[in-house]
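Below, the structure is given as structure tokens:
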């Protein structure tokens, strides 16, 4: 069994950059299964990545996999989104997906 946190390559759509993080079982069992983690929480359990990432969705069949996203162009040092953020067709930012 892998005892280290595993990180996917980054991938993106027109608005966001994404990645998923696979937690080892001993860490995953400490995480709440019914809500998203704050940045402070996912950093506290050992997830290490640049700033600006948000835990945006739960995938109930695989709760040990955390799904992250950040707006394209986010500064990885400050975590600040670009000054001209990408908007969806209705003029608002895309919304989080519901938990599966």
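In full-length UniProt numbering, the protein residues as written are 1 to 100.
Beta carbons: idealized from backbone N, C-alpha and C, even for Gly.
Only a predicted model underlies this, so the values are computations on that prediction, with no experimental measurement involved.
Output yes or no for whether 8 angstroms exceeds the beta carbon distance between residue 15 and residue 72. yes
Which of helix, strand or coil DSSP assigns to residue 15: Coil.
Indicate the three-state DSSP secondary structure (helix, strand or coil) for residue 44 in the structure shown. helix
Beta strand (DSSP E) runs contained entirely in the region 21–75, provided each spans 3 or more residues: 54–57 and 65–71
Between 13, 76, 81 and 62, which lies nearest to residue 48 when the distance is taken from Cα to Cα? Closest by alpha carbon: 76.
Relative to the alpha-carbon of residue 3, which residue among 68, 25 and 17 has its alpha-carbon at the smallest distance? Closest in C-alpha terms to residue 3, from the list 68, 25 and 17, comes 25.
Cβ pair residue 11, residue 18 closer than 8 angstroms: In contact: residue 11 and residue 18 (Cβ atoms closer than 8 angstroms).
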